[in-house]
Amino acid sequence: MKARNLPILVALVLVVSSVAYADTIDVSVSPGGFYSVSFNLFPDAAGDIAVVLDWGTLKHSAKIDHKGSMTANGDYEVWEGRKSSAVFGLGYRAGIATPWVAISTQSTRTTKHEMKIKDSDLIKVTTDMTQPLTGVAFGINVEKWMQPWGVSGTLAKVPDGMLLNARIKYKVSAIGTAHVGYIYNTRTGQGLVAGLGLSY
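Here the working numbering is used: position 130 in the sequence shown is 240, and no number is missing along the way.
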């Protein structure tokens with residue numbers, strides 16, 4: 111999922127949340143190019159069953175391997191690009207905690223540029239070498255409010271390691287919140303974040 115799709119994802123979340131109650135939605139960004147969307151949605155018809163999503167992506171670009179200077183046949187460069195992690199699943203609310211089980215997909219965009227001869231011309235051929243890692247994830251979300259302040263957190267085991275986030279929130283309106291926090295993900299890295307959300 112590309113960063114430019116973030117507004118579309120947020121809009122989808124807001125539409126889904128219109129038929130749910132006791133929802134928590136947080137959109138976070140960091141100065142280092144990290145974007146995150148987290149939500150717990152409790153559909154009216156499902157009682158304490160939650161729909162859980164945690165998505166994050168990191169802008170990233172690094173050359174990790176090469177041969178030659180891209181001027182001769184067989185020269186190549188391998189680049190890492192955007193890193194992303196997504197968790198989507200179901201949980202069950204028990205007090206302030208919501209344990210959950212989900213499907214998780216994690217990936218690092220990997221591209222190989224190689225110089226090859228075609229029809230007597232030296233051209234650059236680009237190959238997408240990305241290999242997404244998909245598997246089962248499980249974790250727990252916790253949220254506690256002492257108006258107008260609140261705290262929330264997630265601790266999870268994902269296929270590529272661990273996912274951890276913690277946010278301190280402040281109610282800025284009846285349902286609107288602002289937050290600062292810390293996010294760690296084995297795939298996308300770690301850092302301080304800030305953002306806005308909904309809680310109702």
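Virtual Cβ for every residue (Gly too), placed ideally from N, Cα, C. From a predicted model like this one, the values you see are computed outputs, not experimental measurements.
* Look at the alpha carbon of residue 137 and the alpha carbon of residue 235, and state the distance between them as a whole number of angstroms. => Approximately 37 Å between the Cα atoms of the pair.
* Roughly how many angstroms lie between the CA atoms of residue 257 and residue 176, to the nearest whole one? -> CA-to-CA, the gap between residue 257 and residue 176 works out to about 55 Å.
* Asked: Hey, is the stretch 263 to 273 in contact with the stretch 178 to 189, meaning 3+ C-beta pairs nearer than 8 Å?
  -> no
* **Same chain only: Cβ atoms within 6 Å of residue 274, ignoring 5 sequence neighbours per side** => 265 and 294
* **residue 180 (DSSP reduced to helix, strand or coil)** => coil
* **Among 205, 168, 279 and 174, the one whose alpha carbon lies nearest that of residue 160** => Ranked by Cα distance from residue 160, the options 205, 168, 279 and 174 are led by 205.
* To do: Determine the burial state of residue 145: buried for a count of at least 16 other Cβ atoms within 10 Å of its Cβ, exposed for fewer.
  => buried
* Asked: With 16 as the cutoff for other CB atoms within 10 Å, does residue 251 come out buried or exposed?
  -> buried
* Does DSSP classify residue 310 as helix, strand or coil? -> Residue 310 falls in the coil class under three-state DSSP.
* Asked: Are three or more beta carbon pairs between the stretch 209 to 226 and the stretch 238 to 254 nearer than 8 Å?
  -> yes
* Asked: Can you tell me whether residue 135 is buried or exposed, with buried defined as 16 or more other CB within 10 angstroms of its CB?
  -> buried
* **Nearest-angstrom Cβ-Cβ length linking residue 219 and residue 240, presumed shorter than 8 Å** => Contact holds; Cβ gap of about 5 Å.
* Asked: Less than 9 Å separating the beta-carbons of residue 315 and residue 168?
  -> Residue 315 falls outside the range modelled here, since the chain spans only 111 to 310, and no answer is possible.
* Do you know how far the Cα of residue 173 is from the Cα of residue 283? -> Rounded to whole angstroms, residue 283 and residue 173 show a C-alpha spacing of 45 Å.
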